[in-house]
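First comes the structure, then the notes that go with it.
Residue numbers (the numbering used here): 5 to 316.
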């Protein structure tokens, strides 16, 4: 048994070192194997909870909560990310006269809370996942309030009350996963060795690759069925995701160089899929292609932005 555990730890350590390659394999599998993608889509909620658990277990309660002085800055960033950015997008699109599914998708992307895999992406770039985890918890907790001005400015999206249930469910998943992880850190996993941390990172990389397979279920059919729409949505997804990340990093690295990378990651990687369970299908169905394309820059972040994000 001891030999098996040692071999498993070595295998997970290797997976941690090859995490970027594993994510690319997940993206490719999601595009080329639509049947598998549809199957994995049914397990998205469970995989999200598992990723949150692994991230919280790696970080520990002290780092996750952070100093009390961090709270004001975290709330301010949440207001910028989830209120200011979507309002700017709404005003800009209105002045340009640009409406339609893609414009709606970009507005909802900006209004969403950070993705649950944000801390894991920070790990894959070699940075501290704790700031991303704090913004994830805070952004999700405040989402029912931050969506109010967005829904008020875009009445076709419906009432902000409709998002309360989805936000509450996601918040419950986050708190439950973190509570179990923090309990383990306080009891049987108090001072993990570097090899144990590396094994957790490898397990997170594998799970993220499996998760992305399910999130790509709408992309494969669009490539062959409507390549022009696919190309447009993919270009918009890359521009929005990487544009926000790079802009946030360049601004934040002067104010807080230690936390600039994880905060930039959550600035561009937003949980737009949350709105799928809260809005009418007449609104969400045309958004599925953009949501699928949005996964590509999301999970390519550790590869394509590695030169910008790597720790020195």
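Built from N, CA and C at the ideal position, the CB exists for glycine as well. Predicted model, so just to flag it, every value in this text is computed and none were measured.
Asked: Can you have a look at residue 165 and say buried or exposed, based on whether 16 or more other CB atoms are within 10 angstroms of its CB?; Found: exposed
Asked: If we call anything under 7 Å between Cβ atoms a contact, is residue 186 one with residue 65?; Found: yes
Asked: Counting C-beta neighbours from all protein chains within 10 Å, is the total for residue 316 16 or more, i.e. buried, or is it exposed?; Found: Caution applies to residue 316, whose pLDDT of 43 falls short of 50 and renders its modelled position unreliable; the model cannot decide the point.
Asked: Output the residue ranges of the alpha helix (DSSP H) runs that lie fully inside the region 44-113 and measure 4 residues or longer, sorted by chain position.; Found: 48-63, 65-69, 74-83 and 89-100
Asked: Relative to the C-alpha of residue 124, which residue among 39, 237 and 53 is closest?; Found: 53
Asked: Looking only at its chain, what residues have a beta carbon closer than 6 Å to the beta carbon of residue 193, apart from the 5 residues adjacent to it on each side?; Found: none
Asked: Considering only their Cβ atoms, is the gap separating residue 268 from residue 249 smaller than 7 Å?; Found: yes
Asked: So what does DSSP say about residue 21, is it helix, strand or coil?; Found: helix
Asked: Quick check on residue 84: buried or exposed, where buried means 16 or more other Cβ atoms within 10 Å of its Cβ?; Found: exposed
Asked: Let me check one thing: in DSSP terms, what residues is residue 225 bridge-paired to?; Found: Note: residue 225 sits in no beta bridge, so no partner.
Asked: Is it buried or exposed for residue 71, if we count other Cβ within 10 angstroms and need 16 for buried?; Found: Note on residue 71: pLDDT 45, under 50, position unreliable in the model; the coordinate value appears next. Exposed, by the Cβ-count rule.
Asked: Under 7 Å, do residue 147 and residue 117 count as touching if we go by C-beta distance?; Found: yes
Asked: For a test of the three-state rule: what should DSSP assign to residue 194, helix, strand or coil?; Found: coil
Asked: Pair every Cβ in the region 208-225 with every Cβ in the region 18-34, then say whether three or more of these pairs are closer than 8 Å.; Found: yes
Asked: Taking the alpha-carbon of residue 113 as reference, which of 314, 228, 296 and 311 has the nearest alpha-carbon?; Found: 296
Asked: Can you tell me whether residue 50 is buried or exposed, with buried defined as 16 or more other CB within 10 angstroms of its CB?; Found: exposed
Asked: Just verifying my parser: in three-state terms, what is the DSSP assignment at residue 14?; Found: helix
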